[in-house]
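Residue numbers (this note's numbering), protein chains in the order written: chain A, 4 to 364; chain B, 4 to 364.
Cβ coordinates follow ideal geometry from the N, Cα and C atoms, glycine included.
Only one structure is covered here, and it is reproduced in the block below.
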């Protein structure tokens, strides 16, 4: 079991990860003095598969609980779903000692976190992420959001959970494509911050893909620690430190959007975005051919795509102008200058972007 | 012109009040570096009456602007209205240098503030309150909210504005009932914190009711200073210091709700709630007969009701159990122990509450 702290003064919290930690949830919550009544937002699959363990752990420590099931699709991340939950929650919340449990992947985490942040101007919540992507990324850092018709994550808050509990056992039933796409974010952490993790991934990629428990425990804890460190120093993305977490995301988002979020899922698109970003670094002389090669090989070995297929080139270029991180007309890229080292550059010439993207077709 | 600071570290801001200050808005905003494009949420009456002054002040300093009109009723404080505005705002927000202007009374302030707090996880906004109630109370302190079917203000955030600009000239066209009901909150500030203000009100109530500019300027600035001071020391109502602002609200809310928010408006109900609360204080020997008399006289002279009519007694008692400030089964009252001095008491016996309420029938 690993124990990592996100240090944010009054909003600090722990990330507990490891095999079987779900059984320890009740005991952990008791210590937190978080309330007495758990309102668990999840989907029907997770409830049927892990619900009993969760229930027992809560019951053993005297908590009451109820489950709220939401459909397991991005469509659940909406203001109308939020309204439905808020309406339901008021009926359950009689003693006013409620807390919310986000029990699921990124969609449920974002939706439950957002709901918690606005119910009675802020209700305590915890994250119990069940996918690798949520465990290494979205459950940590307090970004919550729902989508608008006009774009993803346009309505949200910064609102920290009181605990993140990542049980590695959840990952055993994770479909391979989801595992692989999460590895894009894992590789991202290695490239932006951690040469040691990069070497570990190079050595153990086969075991990771085979869901070796020890390997999964290691990478979940290591990635969580990196994200916790960055978030601790720049909670609300005001200092620019969180920006490096967007490595691969400028073109990655554009590829994802140009494929209507269907051709590639988030991780696959980010993998391609990192390859494009490294191409730009190489052309600017920031990244050595050797390092570029190592990144390319690792992305391929993770099972991520190395070429863009079935997405229109021009659509990607158009979409990249709408990146929400652009301020005014400037673009902004996180560029690798080595393994474990990145820098932020604005106003990358369009020709260079086009050239780097072209190489991935 | 008066200038008051709300001190909240990174979230500090100024409250500017006085006659004609709307004309200075553009200049103030320029200094704040708040963005370039104003999204003004207001109603059609305010736009037609004061829109030109606002437009000119913004234009003179190079801001662009657009108006979003919402109906002037409590119904506008809804998640569905929030969704409509968010959808509209994305179309206007091309340069991503938007800020939101809450130009109206409490309903618009709450709705606009809430929308600002969630659009792109927080967009700068300012309050330009146009009613006395909003100027002395709701525009200050960063409480934002919309209503759910199940109750008022159940979805919201703590999110501070970047500026509050209170032009006394708005109050000249305020209907008398609105002015009078706001005076309940003004008297509240005097009783909980400020014997000097209480004496001022005793001396000048006639001029205040007649909307004398000097008097209105004085009370707006004085009340804003009291609220700013309390909020500065307990931004998120975590330390219990903000609790004293609920003087008169425990039974006031119950009277308001028992009358279905129609028989009495907020201020009138709070006036009655303060009278009940003072009755309890008197019975507990906390408040002298003289001080009780002075409070009763001032409330009556403000034109506020001194007796509950057309609301069912039992309904009020039932409603008071649902006060959102109750934790568990305990009730909590803010009780005056003099003019300018209050204390917080829990578990007031029901018989005492009934007796104090009975006296107001």
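Three-pair Cβ contact test at 8 Å for the region 209-228 of chain B versus the region 190-200 of chain B:
yes
Near-chain A residues of the region 243-270 of chain B (beta-carbon distance less than 9 Å), N- to C-terminal order
none
When we look at the beta-carbon of residue 158 of chain B and count the other beta-carbons within 10 Å, is it buried (16 or more) or exposed?
Residue mapping note: residue 158 of chain B aligns to position 155 of the second chain, counting from 1. Buried.
Unbroken beta strand (DSSP E) run spanning residue 154 of chain B, endpoints:
Position 151 of the second chain, counted from the first residue, corresponds to residue 154 of chain B. Its beta strand (DSSP E) spans residues 154-161.
Under 7 Å, do residue 289 of chain A and residue 338 of chain A count as touching if we go by C-beta distance?
Within the first chain, residue 289 of chain A is the residue found at index 286, counting from 1. Within the first chain, residue 338 of chain A is the residue found at index 335, counting from 1. Result yes, Cβ atoms of residue 289 of chain A and residue 338 of chain A sit closer than 7 Å.
So if DSSP puts residue 218 of chain B in a beta bridge, which residue, or which two residues, is it bridged to?
Translated into positions along the second chain, residue 218 of chain B becomes position 215. Residue 218 of chain B has no beta-bridge partner at all, per DSSP.
Residues of its chain near residue 184 of chain B, where Cβ-Cβ distance is below 6 Å and the 5 sequence neighbours each way are ignored
Working through the second chain from its first residue, we reach residue 184 of chain B at position 181. Contacts found: 268, 270, 271.
Can you give the beta carbon distance from residue 116 of chain A to residue 147 of chain A, rounded, assuming they're within the 8 Å contact cut?
As a first step, residue 116 of chain A must be located in the first chain, where it is residue number 113. As a first step, residue 147 of chain A must be located in the first chain, where it is residue number 144. That pair is a contact at about 3 Å.
Quick test of your reading: residue 304 of chain B and residue 342 of chain B, contact by CB under 8 Å. State the CB separation rounded to the nearest angstrom.
Within the second chain, the letter at position 301 stands for residue 304 of chain B. Within the second chain, the letter at position 339 stands for residue 342 of chain B. Incorrect: roughly 15 Å between the Cβ atoms, too far for contact.
Cβ-Cβ distance between residue 3 of chain B and residue 334 of chain B below 7 Å:
Absent from the model: residue 3 of chain B. The displayed extent of chain B is 4 to 364, so no value can be given.
Burial state of residue 238 of chain A, where buried means 16 or more other Cβ atoms lie within 10 Å:
Against the first chain, residue 238 of chain A aligns to sequence position 235. The residue is buried, with at least 16 neighbouring Cβ atoms inside 10 Å.
Any idea if residue 292 of chain B is buried or exposed, counting beta-carbon neighbours within 10 angstroms, 16 or more meaning buried?
Numbered from its first residue, the second chain carries residue 292 of chain B at position 289. Result: exposed.
Assuming residue 84 of chain B is part of the alpha helix (DSSP H), what are its boundary residues?
Locating residue 84 of chain B in the second chain gives position 81, counting from the first residue. 82-95 is the span of the alpha helix (DSSP H), which, as asked, contains residue 84 of chain B.
Measure from the alpha carbon of residue 12 of chain A to the alpha carbon of each residue in A:180, A:236, A:167, A:55, then state which is nearest.
Here residue 12 of chain A is taken as the residue at index 9 of the first chain, counted from 1. The candidate whose alpha carbon is nearest that of residue 12 of chain A is A:236.
Three-state secondary structure (DSSP) of residue 264 of chain B:
Along the second chain, one-based indexing puts residue 264 of chain B at 261. Residue 264 of chain B: coil per DSSP, three-state reduction.
From the DSSP output, which residues share a beta bridge with residue 130 of chain A?
If you number the first chain from 1, residue 130 of chain A lands on position 127. DSSP output for residue 130 of chain A lists A:105, A:167 as bridge partner(s).
Residues near residue 67 of chain A in its chain [Cβ-Cβ closer than 6 Å; skip 5 each side]
For this step, residue 67 of chain A is matched to residue 64 along the first chain. Result list for residue 67 of chain A: 40, in chain order.
Alpha carbons only, please: which of B:348, B:359, B:112, B:47 is nearest the one belonging to residue 311 of chain B?
Residue mapping note: residue 311 of chain B aligns to position 308 of the second chain, counting from 1. Considering only alpha carbons, the answer is B:359.
Simplified DSSP assignment, three categories, for residue 314 of chain A:
Reading the first chain from its first residue, position 311 is the one you call residue 314 of chain A. Looking at residue 314 of chain A - three-state DSSP - the assignment turns out to be coil, as it is neither helix nor strand.
Contacting positions in the region 120-148 of chain B - beta carbon closer than 9 Å to chain A
120, 121, 122, 123, 124, 125, 146, 147, 148
With a CB to CB cut of under 6 Å and the five nearest residues on each side skipped, what residues in its chain are close to residue 211 of chain A?
Counted from its first residue, the first chain places residue 211 of chain A at position 208. Correct list, in chain order: 218.
For a quick check, are the C-beta atoms of residue 76 of chain B and residue 118 of chain B less than 7 Å apart?
Against the second chain, residue 76 of chain B aligns to sequence position 73. Against the second chain, residue 118 of chain B aligns to sequence position 115. No.
Is the beta carbon of residue 33 of chain A less than 7 Å from the beta carbon of residue 53 of chain A?
On the first chain, residue 33 of chain A is found 30 positions in, with the first residue counted as 1. On the first chain, residue 53 of chain A is found 50 positions in, with the first residue counted as 1. It is not a contact, given that the beta carbons lie outside the stated cut-off.
What residue does the alpha helix (DSSP H) around residue 28 of chain A start on, and which one ends it?
If you number the first chain from 1, residue 28 of chain A lands on position 25. Where residue 28 of chain A is concerned, the enclosing alpha helix (DSSP H) stretches over 28-35.
Simplified DSSP state of residue 250 of chain A, which is helix, strand or coil
Locating residue 250 of chain A in the first chain gives position 247, where the first residue counts as 1. Of the three classes helix, strand and coil, the one that applies to residue 250 of chain A here is coil, per DSSP.
7 Å CB neighbourhood of residue 140 of chain B in its chain, flanking five on each side removed:
Against the second chain, residue 140 of chain B aligns to sequence position 137. So the list reads 188, 230, once near-sequence residues are dropped.
Can you tell me whether DSSP reads residue 277 of chain A as helix, strand or coil?
In the first chain, the residue the question calls residue 277 of chain A occupies position 274. DSSP places residue 277 of chain A in helix when its eight states are reduced to three.
Residues of the region 79-92 of chain A with Cβ closer than 8 Å to any Cβ of chain B, in chain order
Here the close residues are 82, 83, 85, 86, 89, 90.
Cross-strand partners of residue 151 of chain A (DSSP beta bridge):
Position 148 of the first chain holds residue 151 of chain A. Residue pairing from DSSP places residue 151 of chain A in a beta bridge opposite A:154.
Using 7 Å as the threshold, is the C-beta distance between residue 138 of chain B and residue 164 of chain B below it?
For this step, residue 138 of chain B is matched to residue 135 along the second chain. For this step, residue 164 of chain B is matched to residue 161 along the second chain. Contact flag unset, no.
Can you say whether residue 323 of chain B is buried or exposed, counting buried as having 16 or more other CB atoms within 10 angstroms of its CB?
Translated into positions along the second chain, residue 323 of chain B becomes position 320. Residue 323 of chain B should be labelled buried.
Backbone secondary structure at residue 11 of chain B - three-state DSSP:
By one-based count along the second chain, residue 11 of chain B stands at place 8. Correct three-state label for residue 11 of chain B: coil.
Please name the residue in B:69, B:62, B:37 whose C-alpha comes closest to that of residue 50 of chain B.
The residue given as residue 50 of chain B occupies position 47 in the second chain. Answer by Cα proximity: B:69.
Give me the residue from A:316, A:98, A:199 with the minimum Cα distance to residue 261 of chain A.
Mapped onto the first chain, residue 261 of chain A falls at position 258. Ranking the options by Cα distance to residue 261 of chain A, first place goes to A:316.
Below-7 Å beta-carbon distance, residue 158 of chain B vs any chain A residue:
By one-based count along the second chain, residue 158 of chain B stands at place 155. Taking Cβ atoms only, chain A reaches closer than 7 Å to residue 158 of chain B, which makes this a yes.
Chain A within 7 Å of residue 163 of chain B, Cβ atoms only:
Here residue 163 of chain B refers to the residue found at position 160 of the second chain. Output row for residue 163 of chain B: interface = no.
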